[in-house]
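Numbering (the numbering used here), first residue to last: 136 to 580.
Don't be surprised by glycine CBs; every beta carbon is placed ideally from N, CA and C.
Computed from a predicted structure; not experimentally measured.
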Ligand code: PLP
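Pasting the structure below:
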């Protein structure tokens, strides 16, 4: 099936108990056992079924199957937020004394997780100078357990060369973990390009309506854990916390995910509420057509800003002059994401005046809502980073990040125009030159 269809149908046919067409919200903590033997066989993982909703829940399972299908993975595990997903995905691979190697262009809180939380727990994160495969390869050593990138960096808008990074990781015998939040599987499916594990904040484009926090880890089922027993003993040697279970023997290709669920849902417990899983599923049903409109609108906004003399600079990977343009063609089907950054004339003050004058576009620290959103990363999402790290992450004091929504394009442009006028005291009077093909690949005249 194509992604529009998968987004609507994967993981669910009518409810087996009632034939309900919509996914039921199983708002239950526990599931009744038929007998002590039945309970024991569930706990031994000999019988399939549900025990306790911290570990799994039928509503969440539909979400997990749907996102796994969209990403082309074998299994997925939903959790309470994107940050929880990222924490689980990495923690499942490391132990004190190990390191991971990451690109520097990261969402601000991911940077905090990597720069502070993991090192405080004995796991070093080596940040590369840039996102090129050479930058990453330089830092990989015998203690490395994963290579990490965002398929499209937030807010830098850089596009990861997933196949080349996967190659670096695999030559070192470690998996590539990719945060696919900004791109979504509608624009790119990292597992098809060699990534082993995909992470999402479902809070963003996937849920798409700014109502619900959620995250997910998807296992591509591609990494040969049992080939590296010294590096990843947790998958191929008995787990004392689960009566000696050996994940690779029991779960084969899904060993990573099985341990992730057993350790990080069962023991740590960042479970997603079933009602949130339901709301996220509602959003995912329309993700394909929303992303289509998001990227079409974004291309028009980017061209409007580029041609406006009141705008000092703009960073949008869809322009043919952008250094990531080739990677946009290779990985995103030619469609740059709806995230872009720019600076209004007047530096920091100009940016702040623009930001404060917005009316339709909302001032929030979110992205991927159906509504257009603006953020000033230096004072919010990336505030905790040093200025040098901010620059590596694609943030300057004047940077405004836009997440372009699916409103009528003329209403978005009208709001940006009036905010630029308020910021600079100048009217636009410009002719916008369209260069980016629309979703159907038509290049504007
Ligand atoms: N990954 C990326 C790329 C993000 O932009 C965000 C949040 O903005 C997250 C992860 C964290 O997601 P959540 O807010 O759901 O924890």
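If I measure Cβ to Cβ from residue 500 and keep anything under 6 angstroms in the same chain, skipping five residues before and after, which residues do I get?
510, 515 and 516
Enumerate in chain order the residues of its own chain whose CB-to-CB distance from residue 546 is below 8 angstroms, with the five nearest sequence positions on each side excluded.
Closer than 8 angstroms at Cβ, skipping near neighbours: 495.
Residues that DSSP places opposite residue 475 in a beta bridge | 537
request  = Given a cut-off of 8 angstroms, decide if residue 529 and residue 240 are closer than it, judged by their beta-carbon atoms.
outcome  = yes
Residue 206 beta carbon near the ligand FAD (any heavy atom closer than 7 angstroms): The ligand FAD is absent from the structure shown, which contains only the ligand PLP.
Through-space distance from residue 507 to residue 559, alpha-carbon basis: 22 angstroms
- request: Would you tell me roughly how many angstroms separate the C-alpha atoms of residue 326 and residue 557, rounded to the nearest one?
  value: 45 angstroms
### Message
Just verifying my parser: in three-state terms, what is the DSSP assignment at residue 163?
### Response
coil
* Just reading off the alpha helix (DSSP H) that residue 440 is part of, what are its end residues? -> Per DSSP, residue 440 belongs to the alpha helix (DSSP H) from 422 to 441.
Open item on the list: Determine whether the beta carbon atoms of residue 342 and residue 474 lie at a separation below 8 angstroms.
Closed with: For residue 342 and residue 474, no; Cβs fall outside 8 angstroms.
Check: What span of residues does the alpha helix (DSSP H) with residue 175 cover, start to end?
Finding: 171 to 178
Exercise. Under the three-state reduction of DSSP, which class applies to residue 579: helix, strand or coil?
Worked result: Residue placement at residue 579 is poorly supported in this model, since its pLDDT is 48, which falls under 50; the coordinates still yield a value, given next. Here residue 579 sits in coil by DSSP.
Near residue 204, which residues of its chain fall below 7 angstroms by C-beta distance, leaving aside the five closest residues on each side in sequence? For residue 204, where only same-chain residues beyond five positions count, the Cβ hits under 7 angstroms are 141, 145 and 146.
N-terminal and C-terminal residue of the alpha helix (DSSP H) that residue 393 is part of:
Counting along the chain, residue 393 sits inside the alpha helix (DSSP H) bounded by residues 390 to 395.
TODO: Ignore the nearest five residues each way along the sequence and tell me which others in residue 379's own chain have a CB closer than 6 angstroms to its CB.
DONE: 373
Exercise. What are the start and end residues of the alpha helix (DSSP H) that includes residue 185?
Worked result: Boundaries for residue 185: no alpha helix (DSSP H) harbours it, and the DSSP string shows neither H nor E there.
Handout entry: Helix, strand or coil at residue 525 [DSSP, three-state]
Key = Under the three-state reduction of DSSP output, residue 525 falls in the helix class.
Along the beta strand (DSSP E) that carries residue 350, what are the first and last residues, could you check?
For residue 350, the uninterrupted beta strand (DSSP E) run begins and ends at 350 to 354, by DSSP.
**Item:** Nearest-angstrom beta carbon gap, residue 493 and residue 550 [assumed within contact, 8 angstroms]
**Value:** Their Cβ separation, rounded to whole angstroms, is 6 angstroms, which keeps residue 550 and residue 493 in contact under 8 angstroms.
Original post:
Three or more beta-carbon pairs under 8 angstroms between the stretch 240 to 260 and the stretch 187 to 201, yes or no?
Top reply: no
Checklist line | DSSP-derived helix/strand/coil call for residue 266 | finding: coil
Item checked: Buried or exposed (CB count within 10 angstroms, at least 16 for buried), residue 383 -> buried
Going by the C-beta, is residue 411 closer than 7 angstroms to any heavy atom of the ligand PLP?
no
Margin query: Quick check on this structure: which residue in 448, 208 and 171 has the alpha carbon closest to the alpha carbon of residue 388?
Written below: 208
* To do: Throw me the rounded Cβ distance for the residue 202 and residue 328 pair, which I believe falls under 8 angstroms.
  => Going by Cβ atoms, the distance from residue 202 to residue 328 rounds to 17 angstroms, so no, they are not a contact pair.
Cβ shell of residue 390 (< 6 angstroms), same chain only, five flanking positions each side left out: These residues qualify, in order along the chain: 360, 370, 382 and 383.
Quick one, which of 268, 539 and 322 has its alpha-carbon nearest residue 465's? 322
### Message
Here's the rule I'm using: 16 or more other beta-carbon atoms within 10 Å means buried, otherwise exposed. How should residue 137 be labelled?
### Response
Counting other Cβ atoms within 10 Å of its Cβ, residue 137 stays below 16 and is therefore classed as exposed.
### Beta bridge counterpart(s) of residue 225 as assigned by DSSP
According to DSSP, which records beta bridges pairwise, residue 225 is partnered with nothing at all.
Practice item. Would you kindly work out how many angstroms separate the C-alpha atoms of residue 423 and residue 480, rounded to a whole number? Key: 35 angstroms
(message) Is residue 314 near the ligand PLP - that is, is its Cβ less than 7 angstroms away from at least one heavy atom of it?
(response) yes
Q.
Looking at the ligand PLP, does it come within less than 7 angstroms of residue 338, judged from the CB to the closest heavy atom?
A. At a threshold of 7 angstroms, residue 338 counts as near the ligand PLP, since its beta carbon sits closer than that to one of the ligand's heavy atoms.
TODO: Answer yes if the stretch 226 to 238 comes into contact with the stretch 257 to 269, meaning at least three C-beta pairs across the two stretches below 8 angstroms, and no otherwise.
DONE: yes
Mind checking residue 579: buried by the 16 CB within 10 Å criterion, or exposed? The pLDDT assigned to residue 579 is 48, lower than 50, so where the model puts this residue is not dependable; a value taken from the coordinates is nonetheless given after this. Note on residue 579: under 16 other CB atoms within 10 angstroms of its CB, so exposed under the neighbour-count rule.
| task | Can you tell me which of the three DSSP states residue 136 falls into? | result | coil
- prompt: Secondary structure at residue 192, three-state DSSP: helix, strand or coil?
  reply: coil
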